[in-house]
Amino acid sequence: MSGPERRGQLLEAARTVFARDGYRATTADVAAAAGVSEALVVKHFGSKERLFRAAIVEPIVQLVEWALREGRRTVENAEALDPAGHLERLITFGATWGALVREHRGLLLSALRDSAAFPQDAAQLHAKVRELLDGLARMLERFSGREPFTAFDPRASVYAGVGALTIGALYADDPVAFARGYFEMTLLGLLTPEGRRALGR
Numbered sequence: 004m005s006g007p008e009r010r011g012q013l014l015e016a017a018r019t020v021f022a023r024d025g026y027r028a029t030t031a032d033v034a035a036a037a038g039v040s041e042a043l044v045v046k047h048f049g050s051k052e053r054l055f056r057a058a059i060v061e062p063i064v065q066l067v068e069w070a071l072r073e074g075r076r077t078v079e080n081a082e083a084l085d086p087a088g089h090l091e092r093l094i095t096f097g098a099t100w101g102a103l104v105r106e107h108r109g110l111l112l113s114a115l116r117d118s119a120a121f122p123q124d125a126a127q128l129h130a131k132v133r134e135l136l137d138g139l140a141r142m143l144e145r146f147s148g149r150e151p152f153t154a155f156d157p158r159a160s161v162y163a164g165v166g167a168l169t170i171g172a173l174y175a176d177d178p179v180a181f182a183r184g185y186f187e188m189t190l191l192g193l194l195t196p197e198g199r200r201a202l203g204r
């Protein structure tokens, strides 16, 4: 097995072990899950802290960046006068976000659960999420108060929406149905009477 292949195998084992046991898991636990010696794990990563960062923290940052870039595309390509189009774009984004959270649930929960062990990484991740969400909110400002929308707080809308979608993805039986219901309800609340009629509501 090549070095990169071995590293990938160790990362997969580490994700499984850390998602199950949290940061209290050891490099010996990861080695046992991968079927290799602990010395090999340490040779590739140097320490449990580096292994946790490579297996949990860095992938979470990449996932958040990717998902919120998708959200930015949704907003950039939206036309203000198309409520039905808005709804479909939002549902598509919600389904993408929900699938991402559901697929990587163990990583996300492990990163949240063990954030106290990595305060600097947690602070950087928090700052990155805030930067991306605030960027989405700034893009939504152009719709607030412009027909067919009422005036609304874009920042509160983005934070509440991503929070609700995350919870729905973690706990709802069908995250896509949850996203559809959430956005139908939310969008109706943000539309003027003319906008609701254009949406057929």
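Mapping to our numbering: the sequence shown position 65 is 68, numbers consecutive. Note that beta-carbon positions come from the ideal geometry of N, C-alpha and C, so glycine has one too. Keep in mind the model is a prediction, meaning the values are calculated, not measured.
Check: Cut-off 7 Å between Cβ atoms - residues of its own chain near leucine 193, not counting five sequence neighbours on either side; Outcome: Phe152, Thr153, Phe155
Check: Per DSSP, the bridge partner or partners of phenylalanine 152; Outcome: Leu194
Check: Any non-hydrogen atom of the ligand MG within 7 Å of alanine 140 CB; Outcome: The ligand MG is absent from the structure shown, which contains no ligand whatsoever.
Check: Spatial neighbours of alanine 175 in its chain, beta-carbon cut-off 6 Å, leaving aside the 5 residues before and after; Outcome: Phe181
Check: Integer-rounded CB distance, given that lysine 51 should sit under 8 Å from threonine 29; Outcome: 7 Å
Check: Continuous alpha helix (DSSP H) stretch holding phenylalanine 146: start and end; Outcome: Phenylalanine 146 -> no alpha helix (DSSP H), and no H or E assigned at all.
Check: C-alpha gap between glycine 203 and glutamate 150, whole angstroms; Outcome: 16 Å
Check: Residue span of the alpha helix (DSSP H) that contains serine 160, given as start and end; Outcome: 157-174
Check: Per-residue DSSP class, three states only, for methionine 4; Outcome: coil
Check: Nearest-angstrom Cα separation, counted from arginine 141 out to arginine 76; Outcome: 13 Å
Check: Secondary structure of leucine 54, DSSP reduced to three states; Outcome: helix
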